[in-house]
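Undergrad: Would you mind keeping the following structure in view while I ask a few things?
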Amino acid sequence: QKQHFVLTKDPAVIFGQDIIIYESIDTYGAVMWPAALALCFFLDNNRETMNLQGKTVLELGAGTGLVAIVASLLGASVTATDLPVVLSNLRANLMRNTRRRCRHMPQVAPLSWSFDLDCTYPTSIYRYDYVLASDVVYHHDFLDELLATMKHFCKPGTILIWANKVRLESDLTFIEKFKKAFHTSLLCLSKLYFLKIK
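For the sequence shown, the UniProt record's numbering begins at 1 and goes up steadily by one.
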């Protein structure tokens, strides 16, 4: 199946660097959503408190790769995950924007939320300082699987930063389940919802 990609209108400029993103017009997962951009600016503006230099970072639902690119440019060793259908565009965006610009080249890996995590991502091997997610809560049938995946990767010492635009009542239901599962702090509230867990 042939995929169609389009260049976003203007490059995102974050900490003085142009980031050029191609989006797919074939799938929601390969579109740059508002929370990804907001999370990038949050990470850039909070470098002293959220220092990613030399940290291991996992991004859930990486989509176009914008958050993974920014985390890599901020010095993190990043693994960007998503469904197999978006990985080729994700990989291309990461290479285009990080090659010869980062200490650690970001890695790309397939991840279906909650599917066979103990075998494919055993916690004895896969441990992360940060788990990042943006706009992963929207109208889909995998919210319970997303929460289980977040729990799987968030071990003692891991910080999860999740940015999301609240669109539907089901988003609020997920937020309540999330707050029951984790110790959370609201970092910023505008039109987007940021949660940090420890």
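We treat Cβ as the ideally placed atom computed from N, Cα and C, and that holds for glycine.
1) Pick helix, strand or coil for residue 44, following the three-state DSSP scheme.
2) Can you say whether residue 19 is buried or exposed, counting buried as having 16 or more other CB atoms within 10 angstroms of its CB?
3) Since residue 107 sits in a beta bridge, which residues does DSSP pair it with?
4) Residues in the same chain with beta-carbon distance under 8 Å from residue 147, minus the five sequence neighbours each way, listed in chain order, please.
5) Below 7 Å CB to CB, which residues in the same chain sit around residue 105 once its five sequence neighbours on both sides are set aside?
6) Using 7 Å as the threshold, is the C-beta distance between residue 58 and residue 50 below it?
7) Residue 115: buried (16+ other C-beta within 10 angstroms of its C-beta) or exposed?
8) Suppose you measure from the CA of residue 143 to the CA of residue 124; what does that come to, to the nearest Å?
9) According to DSSP, simplified to helix, strand and coil, what is residue 164?
10) Please look up how many angstroms separate the CB atoms of residue 32 and residue 64, rounded, as I've assumed it's under 8 Å.
11) Use the C-beta contact count for residue 172: other C-beta atoms within 10 angstroms, 16 or more gives buried, fewer gives exposed.
TA: Considering the structure as presented:
1) Looking at residue 44 - three-state DSSP - the assignment turns out to be helix.
2) Buried, by the Cβ-count rule.
3) Its beta-bridge partners are 79.
4) The beta carbon of residue 147 sits closer than 8 Å to the beta carbons of 174, 177, 178 and 181 from its chain, once the five residues preceding and following it are set aside; these are given in chain order.
5) Closer than 7 Å at the Cβ level, and outside the excluded window around residue 105, lie 98.
6) Cβ atoms of residue 58 and residue 50: not closer than 7 Å.
7) Exposed: under 16 other Cβ atoms inside 10 Å.
8) Whole-angstrom Cα-Cα distance: 25 Å.
9) The answer is strand: DSSP assigns residue 164 an E or B state.
10) Contact annotation, residue 32 with residue 64: C-beta distance approximately 5 Å; criterion of less than 8 Å satisfied.
11) It counts as exposed.
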